[in-house]
Amino acid sequence: MIDRQHLAILREVSRRGSVTAAAEKLNVTQSALSHTIAKFEERHGIKIWMKTGRGLRLTQAGEYLLSVAERVLPQMEHAQRVLMDFALGRRGALRVGMECHPCQRWLTRIATPYLTQWPDVDFDVRTAFRFDGVEALLGYEIDLLITPDPVETPELLFTSVFDYELVLMVHEAHPLAGRASVEPQDLLDEELITVPVTLERLDIYTRFLVPANCRPRQHRTAETIDLMLQLVCAGRGVTVLPDWLLQEDASGLPIRALRLGDSGIQKSINLGVRRGEETTSYIDGFLRLTREMGR
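No gaps in the numbering here: position 75 of the sequence shown is 75 in the UniProt record's numbering, and each next residue is one more.
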């Protein structure tokens, strides 16, 4: 039979690249781990991996089992956490995933009253996923996803929390500062500062620059919103951020906000949960609180 131990071994070997490292993570000896897999292979008449020099290469059967492990183990771990919460008398655990870099301050405002209202709920925020946010939610790595880009799928339910507009932020002395809006060609000579994600996930590219076959002179990333704003203030480039940040983070700074195109780029922040779990008390409590507080 296939049990959790076999799947856990396969996942750790894949993640860590060697049997030795996987054995250390699982707190077993290398020989015991190898013996467990050898018995499994003998029982099923397959090979899970092959040695290639100092490394390992998964066979077709191994690749299949790894895909099963990546789907099944997070669900089993989630179930274990829920049962532990019941045993400890807690109401549950809410793991929030964020795909919205500018939303950290907004989430902080929500988290403070939420933690007060739900003192028995273990609350955690994650910004790094093994897959993207939707995959992390489907794979039980997180329980709630904050994202500006919801994906329609039967397994998930997304709720829009608030709408906003992406705007170009420039120094008040910038040549573009006196204009109400800009076109893609206006950014050809600019240094564009964005959050550190792929271009395919940046609306300034997918919805503004790429359709017009335009690129900025230079593109750089910054890890925090504060740094992005400071770079703009220093005349080191321009950036694109939600309009609400101008009031909350850029108030008093020498920065002007310009519309992207005549109609602008309209977006919304959405909260995604696994369908059926939206009625879970502490998840419903979080959703209700966000609707009450807005942005």
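For each residue, glycine too, the CB sits at the ideal point set by N, CA and C.
For residue i, three-class secondary structure by DSSP
| i | result |
| --- | --- |
| S160 | strand |
| R43 | helix |
| R95 | strand |
| S263 | coil |
| I9 | helix |
| S181 | strand |
| I255 | strand |
| G62 | helix |
| E292 | helix |
| L192 | strand |
| V134 | helix |
Residue i and residue j closer than 8 Å at C-beta
| i | j | result |
| --- | --- | --- |
| L188 | L144 | no |
| residue 298 | E172 | Lying outside 1 to 295, the shown extent of the chain, residue 298 is not represented and no answer is given. |
| K267 | L137 | no |
| L107 | I146 | yes |
| I193 | V238 | yes |
| V96 | V121 | no |
| L157 | R275 | yes |
| R215 | L209 | yes |
| P102 | L289 | no |
| L115 | A180 | no |
| V170 | R81 | no |
8 Å contact criterion, which residue i and residue j should meet: CB distance rounded
| i | j | result |
| --- | --- | --- |
| L73 | R11 | 6 Å |
| R71 | G139 | 7 Å |
| T52 | M98 | 38 Å between Cβ atoms; not a contact. |
Residues bridged to residue i [DSSP beta-bridge criterion]
| i | result |
| --- | --- |
| S281 | According to DSSP, which records beta bridges pairwise, S281 is partnered with nothing at all. |
| N270 | T147 and S160 |
| H171 | I255 |
*Should the stretch 23 to 37 be called in touch with the stretch 61 to 73, which here means at least 3 C-beta pairs below 8 Å?*
no
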